[in-house]
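Residue numbers (this note's numbering): 4 to 452.
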């Protein structure tokens with residue numbers, strides 16, 4: 004899910020933005036009970052502990068109500084203080100002030116390292132979260148874990164898949180691609196069958212597309228050693244493999260430039276002008292919510308791989324639930340965060356009320372969940388495809404402590420190359436230069452290759 008889940012940069016109409024934000028997705032309250040130590044209150048049903056939860060998910064109160072029924076000793080007050088960066092700014096201000104933040108917060112995976120590095124987040128293994136690595140999918144545990152510390156409970160994620168229009172592929176007389184080489188061949192066939200159709204789009208401002216590709220290639224474009232030694236390598240062979248591939252499609256006119264989430268982009272998807280969407284599995288919610296008239300025309304397939312026999316995939320979107328270090332009730336806050344994301348009742352609520360993909364091992368071992376036929380996709384058992392991607396997701400990907408900045412300068416570097424149909428490798432070099440300059444200004448010791 005997106006906010007994508009990075010409270011992602013999407014300029015969608017209101018309904019579409021709400022759908023994509025799912026997927027992509029005042030101070031700590033005074034305790035009503037006694038405090039059990041550094042992190043632990045032990046409230047009662049008559050005298051409950053009170054915690055505050057910041058989230059922008061629209062129907063999350065339904066899940067909170069279920070929690071309070073199961074845990075009457077803890078009262079949860081929900082506050083929506085803004086989406087993505089608006090909320091993060093308020094959390095940072097509270098962290099700087101030492102007070103004024105929530106006990107628990109919704110946070111996208113790319114934002115967690117920044118707050119962990121500054122000490123704003125609690126290590127949940129100290130407050131009852133020691134089993135998180137065993138409870139949740141390996142594909143997401145690495146996104147909330149640093150060393151032995153765990154700074155969040157995984158909530159949802161976006162295993163990489165490819166949605167495609169069956170009618171467009173049939174009209175072009177081409178098979179659904181399983182490798183990126185076959186994808187390029189299909190792009191040529193689709194364009195040859197109709198010059199107004201394209202296999203996909205390139206969005207000059209969508210850094211997530213590059214993240215997804217670099218992640219699949221295990222390209223390691225950045226490596227943080229300790230808290231301050233940063234190595235940047237956006238010029239590696241693997242990084243340039245991605246850049247050169249999309250250079251070829253872009254300069255050959257086989258892709259169309261479009262802004263993900265815009266009215267025009269949804270129209271292009273709906274009309275079949277764009278034939279595939281390589282994205283996190285949460286893309287299904289956007290398709291069903293905005294393009295209901297397309298029911299039966301779309302299917303989902305595994306994300307193409309680079310070489311026959313490869314299995315590596317990546318992710319797009321996702322978020323977790325964090326506990327602030329300044330919370331006076333970290334035990335209760337951790338209890339809530341764990342229950343909301345792992346209890347079977349809560350997982351069902353998040354799935355049905357929010358459209359979120361669960362992140363627990365148990366959910367993805369449930370045949371009823373995996374085998375459900377999705378009517379929009381022609382009765383396809385789509386979660387089987389999602390599960391395959393989740394199993395094969397590269398687990399070494401890490402976000403930088405200042406990832407929002409990295410994404411913000413993509414448009415002015417790589418995006419310029421996309422729009423001008425010039426070298427994406429040059430765009431990567433410019434992107435790296437901007438990131439290096441900023442990192443040095445923030446006090447990091449930077450080396451580049």
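Beta carbons: idealized from backbone N, C-alpha and C, even for Gly.
Chain-order list of residues whose beta-carbon lies under 7 Å from that of residue i (same chain, five-residue window excluded)
i, result
"residue 417", "213, 427, 430, 431, 434"
"residue 372", "366, 386"
"residue 402", "112, 113, 116"
Own chain residues within Cβ distance below 6 Å of residue i, not counting five before or after
i, result
"residue 442", "233, 449"
"residue 128", "153"
"residue 37", "Low per-residue confidence applies at residue 37: pLDDT is 34, beneath 50, and the placement is therefore not dependable, though the value from the model is reported in the following sentence. The answer is none, since no qualifying residue turns up."
"residue 106", "31, 54, 55, 330, 332, 336"
"residue 406", "113"
"residue 382", "376"
"residue 210", "410, 413"
Exposed unless 16 or more other CB atoms sit within 10 angstroms - verdict on residue i
i, result
"residue 376", "exposed"
"residue 445", "exposed"
"residue 344", "buried"
"residue 362", "buried"
"residue 286", "buried"
"residue 96", "exposed"
"residue 148", "buried"
"residue 440", "exposed"
"residue 114", "buried"
"residue 338", "buried"
"residue 347", "exposed"
"residue 199", "exposed"
"residue 399", "exposed"
"residue 47", "exposed"
"residue 288", "buried"
"residue 158", "buried"
"residue 410", "buried"
"residue 72", "exposed"
"residue 370", "exposed"
"residue 68", "exposed"
"residue 89", "exposed"
Range of the contiguous alpha helix (DSSP H) that encloses residue i
i, result
"residue 245", "240 to 254"
"residue 273", "266 to 274"
"residue 337", "333 to 345"
"residue 421", "417 to 423"
"residue 291", "286 to 293"
"residue 378", "Note, residue 378: premise wrong, no alpha helix (DSSP H); not H, not E."
"residue 391", "385 to 395"
"residue 260", "Looking at the DSSP string, residue 260 is not in any alpha helix (DSSP H); the run it does join, the beta strand (DSSP E), is 258 to 260."
"residue 443", "427 to 444"
"residue 370", "370 to 373"
"residue 329", "Unbroken run through residue 329: none, as it is neither H nor E."
"residue 408", "406 to 411"
Among the options, nearest to residue i - alpha-carbon criterion
i, options, result
"residue 104", "370, 337, 331", "331"
"residue 329", "165, 347, 118, 271", "118"
"residue 447", "414, 423, 425, 404", "404"
"residue 102", "90, 123, 337", "123"
"residue 81", "100, 96, 95, 60", "60"
"residue 474", "327, 292, 389", "The structure shown does not extend to residue 474, since the chain is modelled only from 4 through 452, so no value can be given for it."
"residue 262", "206, 66, 223", "206"
"residue 155", "411, 188, 279, 108", "108"
"residue 269", "295, 251, 307, 63", "295"
"residue 242", "227, 255, 220", "220"
"residue 180", "165, 174, 194, 170", "165"
"residue 70", "350, 382, 436, 215", "350"
"residue 254", "422, 299, 64", "422"
"residue 302", "171, 87, 183, 92", "171"
"residue 187", "210, 274, 248, 225", "248"
"residue 64", "374, 419, 410, 353", "353"
"residue 379", "299, 195, 161", "299"
"residue 393", "272, 161, 210, 174", "161"
"residue 420", "251, 395, 297", "251"
"residue 334", "312, 132, 304, 120", "132"
"residue 274", "240, 203, 283", "203"
"residue 139", "374, 283, 357, 341", "341"
Run of the beta strand (DSSP E) containing residue i, from where it starts to where it stops
i, result
"residue 48", "Taken as a continuous stretch (DSSP letters only), residue 48 belongs to no beta strand (DSSP E), as it is neither H nor E."
"residue 448", "448 to 451"
"residue 280", "279 to 283"
"residue 159", "156 to 168"
"residue 321", "318 to 326"
"residue 301", "301 to 305"
"residue 1", "Past the edges of the chain, shown from 4 to 452, lies residue 1, and the structure says nothing about it."
"residue 234", "232 to 235"
"residue 225", "225 to 228"
Cut-off 8 Å between Cβ atoms - residues of its own chain near residue i, not counting five sequence neighbours on either side
i, result
"residue 151", "128"
"residue 424", "253, 254"
Secondary structure, beta strand (DSSP E): runs of 3+ residues fully inside the region 180 to 212: Qualifying beta strand (DSSP E) stretches, in chain order: 203 to 205.
Please list the segments of the beta strand (DSSP E) lying wholly inside the region 68 to 143, counting only runs of 3 or more residues, in order along the chain. 77 to 82, 107 to 111
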